[in-house]
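Reviewing the structure listed below.
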Amino acid sequence: MEAQNNTSYWQQHVDYSMDVNVDVEKYQYSGTQKLVYTNNSPDVLSRVYYHLFFNAFQPGSEMDMRLQSVADPDGRMMADGKSRIASLSPEEMGYLRVNSLTQDNQAVSFVEEGTILVVELIKPIPPGGKTTFEMTFNGQIPLQIRRSGRNSSEGVALSMSQWYPKLAEYDFEGWHADPYIAREFHGVWGDFDVKLTLDKKYVVGGTGYLQNPEEVGHGYETPGSKIKKTKGKTLTWHFKAPMVHDFMWAADPDYLHDTLKVENGPMLHFFYKNDKEIVENWKKLQPKTAEAMQFFNKNIGDYPYEQYSVIQGGDGGMEYAMSTLITGGRNFGSLVGVMVHEMAHSWFQHVLASNESKHEWMDEGFTSFISSLCMDQIMDQKKENPFAGSYQGYYNLVASGKEQPQTTHADRYELNFAYGVAAYSKGAIFLSQLGYIIGQDKLMETLRKYYQDFKFKHPTPNDIKRTAEKVSGMELDWYLTDWTQTTNTIDYGIKAVEADGQKTKVSLERIGLMPMPIDILVLYNDGTQETFYAPLRMMYGEKENPYPNLKRTVLQDWPWANTNYDLILDKELNNVKAIVLDPSQLMADVNEENNVWQAQE
Numbered sequence: 000m001e002a003q004n005n006t007s008y009w010q011q012h013v014d015y016s017m018d019v020n021v022d023v024e025k026y027q028y029s030g031t032q033k034l035v036y037t038n039n040s041p042d043v044l045s046r047v048y049y050h051l052f053f054n055a056f057q058p059g060s061e062m063d064m065r066l067q068s069v070a071d072p073d074g075r076m077m078a079d080g081k082s083r084i085a086s087l088s089p090e091e092m093g094y095l096r097v098n099s100l101t102q103d104n105q106a107v108s109f110v111e112e113g114t115i116l117v118v119e120l121i122k123p124i125p126p127g128g129k130t131t132f133e134m135t136f137n138g139q140i141p142l143q144i145r146r147s148g149r150n151s152s153e154g155v156a157l158s159m160s161q162w163y164p165k166l167a168e169y170d171f172e173g174w175h176a177d178p179y180i181a182r183e184f185h186g187v188w189g190d191f192d193v194k195l196t197l198d199k200k201y202v203v204g205g206t207g208y209l210q211n212p213e214e215v216g217h218g219y220e221t222p223g224s225k226i227k228k229t230k231g232k233t234l235t236w237h238f239k240a241p242m243v244h245d246f247m248w249a250a251d252p253d254y255l256h257d258t259l260k261v262e263n264g265p266m267l268h269f270f271y272k273n274d275k276e277i278v279e280n281w282k283k284l285q286p287k288t289a290e291a292m293q294f295f296n297k298n299i300g301d302y303p304y305e306q307y308s309v310i311q312g313g314d315g316g317m318e319y320a321m322s323t324l325i326t327g328g329r330n331f332g333s334l335v336g337v338m339v340h341e342m343a344h345s346w347f348q349h350v351l352a353s354n355e356s357k358h359e360w361m362d363e364g365f366t367s368f369i370s371s372l373c374m375d376q377i378m379d380q381k382k383e384n385p386f387a388g389s390y391q392g393y394y395n396l397v398a399s400g401k402e403q404p405q406t407t408h409a410d411r412y413e414l415n416f417a418y419g420v421a422a423y424s425k426g427a428i429f430l431s432q433l434g435y436i437i438g439q440d441k442l443m444e445t446l447r448k449y450y451q452d453f454k455f456k457h458p459t460p461n462d463i464k465r466t467a468e469k470v471s472g473m474e475l476d477w478y479l480t481d482w483t484q485t486t487n488t489i490d491y492g493i494k495a496v497e498a499d500g501q502k503t504k505v506s507l508e509r510i511g512l513m514p515m516p517i518d519i520l521v522l523y524n525d526g527t528q529e530t531f532y533a534p535l536r537m538m539y540g541e542k543e544n545p546y547p548n549l550k551r552t553v554l555q556d557w558p559w560a561n562t563n564y565d566l567i568l569d570k571e572l573n574n575v576k577a578i579v580l581d582p583s584q585l586m587a588d589v590n591e592e593n594n595v596w597q598a599q600e
């Protein structure tokens with residue numbers, strides 16, 4: 000019998016070449032796209048799908064309908080209690096239309112279904128095969144309502160994200176042709192070669208390395224060099240972006256453009272409106288951006304590109320390849336906070352790139368976790384628990400009764416509130432609590448190994464779990480299963496503390512369905528303290544002492560099925576002052592009231 004080897008990994012590859020003309024007066028554009036698609040899958044592909052994101056910004060679209068039916072719609076997308084998309088005129092709405100499409104020079108049939116283009120291939124693409132798609136397309140840039148669009152609330156002319164026909168991802172699960180309803184994305188890695196022609200007064204920033212800086216100028220040229228004078232009213236900007244899964248750009252005639260080189264790191268670019276209200280904050284932001292880049296390089300792994308751009312635009316903060324769009328009219332702390340969060344996505348979404356529609360917590364949650372640590376350091380916050388906000392958000396959701404499992408598709412949460420907490424708060428706790436289970440050093444080692452092993456590979460939830468198992472030597476399937484696939488909660492309590500001759504018996508209980516190992520801190524009347532550790536049997540392992548200055552006793556394993564567990568202290572009851580379960584407060588116990596026992600005065 001042949002040995003089985005089921006560790007084979009594959010992913011598709013795209014190479015885009017686009018040449019686009021933009022009419023900044025009419026907010027319309029037209030372009031050509033050549034896409035070389037490599038089918039690295041073991042499957043024969045007889046159709047492909049493209050995303051046409053801008054079609055979401057039309058009255059009656061799925062995004063519009065969802066906005067009108069969800070109980071807690073995104074406030075940015077509403078005006079006077081009504082959907083802003085519903086009231087867009089033909090001149091204000093967005094669209095993206097494919098006018099012609101060929102496969103290896105032969106016309107193919109295609110049909111537009113909302114934000115998805117369904118393409119039936121002339122000839123199927125065999126495993127290992129390549130094919131070339133060439134298309135002409137045109138689009139209209141919608142009023143800025145969500146992420147992309149024209150004339151944002153801060154007056155940015157063009158925030159151009161999700162703007163081109165983008166091939167959908169095909170992976171081991173099949174096609175991911177998700178309609179654009181609200182949320183996040185999944186894309187195919189490849190190389191982008193993009194030429195943008197628009198009014199020469201506009202300054203452009205975004206994904207990719209500018210190939211013609213001496214023609215363009217606008218702060219890209221080598222200091223001291225002369226810019227070539229061009230005839231006519233337009234300029235063509237030529238960008239190349241290697242190994243990215245998206246391409247964003249923004250443009251405005253009033254952008255200031257600053258650069259800052261990170262020591263042993265990339266060149267940072269900053270684009271922001273020449274508005275005296277914000278200029279000082281944007282200048283102060285620049286060294287903080289370099290500090291954040293160095294923090295993430297050290298704690299996750301090296302940023303793989305030579306450039307990163309922070310650009311004023313959009314409607315809050317949204318990450319893209321090698322860049323981010325953030326709103327600029329914020330107080331300084333908020334400006335740093337949104338920059339840090341979006342930059343952290345460069346690792347978790349733009350290099351690791353888990354499927355955000357299906358596993359949004361792996362991106363938003365991990366980003367929230369690492370950005371909380373980063374803010375604590377670069378803003379010198381010195382918080383006792385940097386993740387306290389995440390825990391509070393999670394507890395609020397549990398108390399509301401509206402929690403859904405993290406395995407819920409990002410578009411299909413009943414409430415935006417439930418999505419936000421599941422993705423950001425509960426996602427961040429997945430890591431902070433993992434540190435409680437395996438130890439903080441092992442957690443940070445897990446993150447670095449996860450990045451090293453899975454960068455550019457679209458990891459799944461199992462991959463972060465397996466990485467943590469390899470680093471810690473523990474079995475963690477129970478943790479991934481209960482935390483992400485159910486709404487089981489953690490609730491351990493101190494049931495009773497009683498004299499037991501010259502000793503003290505502490506009766507503990509498991510009330511919630513989710514298993515956990517337990518740290519117990521005991522304080523005595525003479526001022527001394529010690530800790531006890533009850534490992535969870537199904538972990539088949541133990542973490543190192545998280546409190547090395549205190550004596551720790553490792554107890555018998557606590558099997559999950561046993562709802563009760565007794566701890567015998569070698570001290571008389573009248574010597575015991577207090578007992579605390581999980582002094583770190585990193586275990587997301589939904590009822591903290593039964594975690595503390597204090598002797599009666």
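Mapped onto numbering that gives the first Met the number 0, the consecutive letters of the sequence shown carry residue numbers 0 to 600.
All residues carry an ideal CB built from backbone N, CA and C; glycine is no exception.
Rounded to whole angstroms, what's the CA-CA distance from residue i to residue j? Just pull it up for me.
i: S333; j: H256; result: 21 Å
i: E468; j: R447; result: 14 Å
i: G80; j: K272; result: 30 Å
i: W596; j: N263; result: 51 Å
i: N137; j: K228; result: 29 Å
i: Q57; j: S147; result: 14 Å
i: R313; j: N487; result: Looking at the sequence shown, residue 313 is not Arg but Gly. Rounded to whole angstroms, G313 to N487 spans 37 Å at the Cα level.
i: V155; j: R75; result: 16 Å
i: K200; j: I226; result: 14 Å
i: N54; j: D73; result: 19 Å
i: G128; j: L100; result: 19 Å
i: Y49; j: T31; result: 15 Å
i: E474; j: Y450; result: 20 Å
i: Y302; j: T323; result: 15 Å
i: S160; j: P534; result: 48 Å
i: K494; j: N593; result: 8 Å
i: F368; j: N296; result: 15 Å
i: E112; j: R96; result: 11 Å
Would you list the one or two residues that DSSP bridges to residue i?
i: I463; result: Beta-bridge pairing links I463 to no other residue.
i: N20; result: S29 and T196
i: V553; result: Y532
i: L234; result: L197
i: M515; result: None; M515 has no bridge partner.
i: W596; result: I578
i: F137; result: Before going further, note that residue 137 is Asn rather than Phe in the sequence given. DSSP lists S29 and R96 as partners of N137.
i: D588; result: I489
i: H175; result: E168
i: T621; result: Missing from the structure shown is residue 621; the chain here goes from 0 to 600 and no further.
i: S132; result: In the sequence as presented, Ser is not what sits at residue 132; that position holds Phe. According to DSSP, which records beta bridges pairwise, F132 is partnered with L34 and Q102.
i: F270; result: H256 and I310
Taking C-beta to C-beta, are residue i and residue j nearer than 9 Å?
i: V243; j: D190; result: yes
i: T509; j: Y523; result: The amino acid occupying residue 509 in the given sequence is Arg; Thr does not appear at that position. Against a cut-off of 9 Å, the Cβ pair of Y523 and R509 comes out as no contact.
i: A602; j: L396; result: Outside the displayed range of the chain (0 to 600) lies residue 602, so it cannot be described from this structure.
i: D588; j: I437; result: no
i: L116; j: L34; result: no
i: I140; j: E61; result: no
i: V47; j: L157; result: no
i: G434; j: G540; result: no
i: G364; j: G392; result: no
Short of 6 Å in beta carbon distance, which residues of its chain neighbour residue i, apart from the five on each side in sequence? Order them along the chain.
i: A498; result: L572
i: N415; result: D71
i: H457; result: A352
i: E133; result: K33 and T101
Using the Cβ count rule (16 or more neighbours within 10 Å means buried), how would you classify residue i?
i: K441; result: buried
i: E172; result: exposed
i: F455; result: exposed
i: D245; result: buried
i: N38; result: buried
i: K550; result: exposed
i: T221; result: exposed
Once you ignore the five residues that flank residue i on each side, which residues in its own chain have a CB closer than 7 Å to its CB?
i: Q293; result: V261 and G264
i: Q432; result: L585, M586 and A587
i: G198; result: Gly is not the amino acid found at residue 198; the sequence shown has Asp there. Excluding residues within five positions, the ones whose Cβ falls inside 7 Å are V23, K232 and T233.
i: K283; result: F331
Return the chain-ordered list of same chain residues with a C-beta closer than 8 Å to the C-beta of residue i, the five sequence neighbours on each side being excluded.
i: S356; result: H175, D177, R182, E183, F184, H185, H408, A409 and D410
i: D259; result: Reading off the sequence, residue 259 comes out as Leu, not Asp. Once the five neighbours on either side are set aside, the close Cβ partners of L259 are M266, L267, F269, Q285, P286, T288 and A289.
Under 8 Å: does the beta carbon of residue i sit that close to some heavy atom of the ligand SAM?
i: W559; result: As far as ligands go, the structure on display features none, and thus does not contain the ligand SAM.
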